[in-house]
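Under the numbering used here, the first residue of the sequence shown is numbered 4, with each subsequent residue one higher.
Glycine residues also receive a C-beta, built at the ideal position from the N, C-alpha and C atoms.
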Amino acid sequence: MELMQIRYFLEAARTKHMTNSAKNLHITQPALTQAIRRLEKDLGVPLFAAKGRKIVLTEYGKYLQRKLEPLMSQMDAIPEQLKMMVALEGETIHMNVLAASGLVMEAIIEYKKEHEDINFQLQQNSESELYDIAVTTKLFYQGDEESCFACGEEIYLAVPENGKYRGRTSICLSETSKEGFISLLGSREFRYICDRFCQHAGFTPKIIFESDNPSAVKNMIAANMGIGFWPEFTWGSIDNERVRLLKIEEPICRRDIIINYNRNKMDSRNVIEFYEFLTHFFERRKGLILS
Numbered sequence: 004m005e006l007m008q009i010r011y012f013l014e015a016a017r018t019k020h021m022t023n024s025a026k027n028l029h030i031t032q033p034a035l036t037q038a039i040r041r042l043e044k045d046l047g048v049p050l051f052a053a054k055g056r057k058i059v060l061t062e063y064g065k066y067l068q069r070k071l072e073p074l075m076s077q078m079d080a081i082p083e084q085l086k087m088m089v090a091l092e093g094e095t096i097h098m099n100v101l102a103a104s105g106l107v108m109e110a111i112i113e114y115k116k117e118h119e120d121i122n123f124q125l126q127q128n129s130e131s132e133l134y135d136i137a138v139t140t141k142l143f144y145q146g147d148e149e150s151c152f153a154c155g156e157e158i159y160l161a162v163p164e165n166g167k168y169r170g171r172t173s174i175c176l177s178e179t180s181k182e183g184f185i186s187l188l189g190s191r192e193f194r195y196i197c198d199r200f201c202q203h204a205g206f207t208p209k210i211i212f213e214s215d216n217p218s219a220v221k222n223m224i225a226a227n228m229g230i231g232f233w234p235e236f237t238w239g240s241i242d243n244e245r246v247r248l249l250k251i252e253e254p255i256c257r258r259d260i261i262i263n264y265n266r267n268k269m270d271s272r273n274v275i276e277f278y279e280f281l282t283h284f285f286e287r288r289k290g291l292i293l294s
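And the structure:
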């Protein structure tokens, strides 16, 4: 199959009308018809059947459409991806921020005060490899690459300062099996980590509120709408006397924040400089919280 034949076939499959498809493709109808017939001959199966003035896909045609559409979408995305690769050569630092987004934003604001010429572009895409610096989170990270930094943090449980939680400083997670949890959406790595903690404690958390916005989750917990996991330094303290942070005795609830960089540019000095600033920023913040 040729690329042109594939485009012609998919357009005809979309409109189910040869004349309209030919107009959309800026070719004549006989040329489109001939290209489709050539494709059918090459494949040895009929792809379309006539239905009045229109055409319909045969079962072979439906199968081919299902297989080709995602491939064509990927091919159509390549030019934009190449443009993004070219952009990596400029003075823009491309970041893929999948964890600790609040701290990352604070670091960028502070860094920009002394580096006004450096721009930042942020994305949140767990499948993307097109970035200069990525911030992610994992359980029990073991990497030791030169271009990678990891710092661990304990995860507490945020609970209301009333009833059975009043005056407590620690808790076993199994005690909360009947509670309503406020959490990040399942697509977030932190949510996956917290679900693993609950599974280890012998239950599946009952989620009463979830959002893809960490700020919304923090605000709901602080508003005493439910209980939730709270990372010790990346989320900061709770400024609410009605909410208490409890140390989780069992299981051990910790995670690692990982920051790594790629050498995508011919000159990666700006990337490495900000990477070093960011890792020192995290270390300083952790030291302040734990002191």
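Use the C-beta contact count for residue 97: other C-beta atoms within 10 angstroms, 16 or more gives buried, fewer gives exposed.
-> buried
Cβ-Cβ separation, residue 177 to residue 208 (assumed contact under 8 angstroms), whole Å = Contact between residue 208 and residue 177 is absent: CB atoms are separated by about 12 angstroms, not below the 8 angstroms threshold.
Contact set for residue 274: own chain, Cβ-Cβ below 7 angstroms, skip 5 residues either direction = 96, 135, 136, 264, 268
Return the CA-CA distance between residue 51 and residue 77, expressed in angstroms with no decimal places.
-> 25 angstroms
Among 5, 140, 124, nearest to residue 257 - alpha-carbon criterion = 140
Can you give me the start and stop residues for the beta strand (DSSP E) that residue 264 sits inside?
-> 257-264
Simplified DSSP state of residue 247, which is helix, strand or coil | strand
Smallest Cα separation from residue 111: which of 278, 172, 160, 211?
-> 278
C-beta contact flag for residue 235 and residue 175 at 8 angstroms | no
The region 116-126 touching the region 152-168, judged by at least three CB pairs closer than 8 angstroms = Fewer than three pairs of CB atoms, one per stretch, sit closer than 8 angstroms, so the region 116-126 makes no contact with the region 152-168.
With a Cβ-Cβ cutoff of 8 angstroms, do residue 229 and residue 241 count as a contact?
-> no
Name the one or two DSSP bridge partners that residue 161 has.
-> Note: residue 161 sits in a beta bridge opposite 231, 248.
Jot down the residue ranges of each uninterrupted beta strand (DSSP E) in the region 76-109, minimum 3 residues, whole runs only, in chain order.
-> Those beta strand (DSSP E) runs which fall completely within the region 76-109 and span 3+ residues are 95-100.
Is residue 63 closer than 8 angstroms to residue 49 when the C-beta atoms are compared?
-> yes
Three-state class that DSSP yields for residue 122 in the structure shown = strand
According to the neighbour-count rule (16 or more other Cβ atoms, all chains shown, within 10 Å of its Cβ), is residue 31 buried or exposed?
-> exposed
Going by C-alpha distance, which of 218, 221, 129, 75 is nearest residue 192?
-> 129
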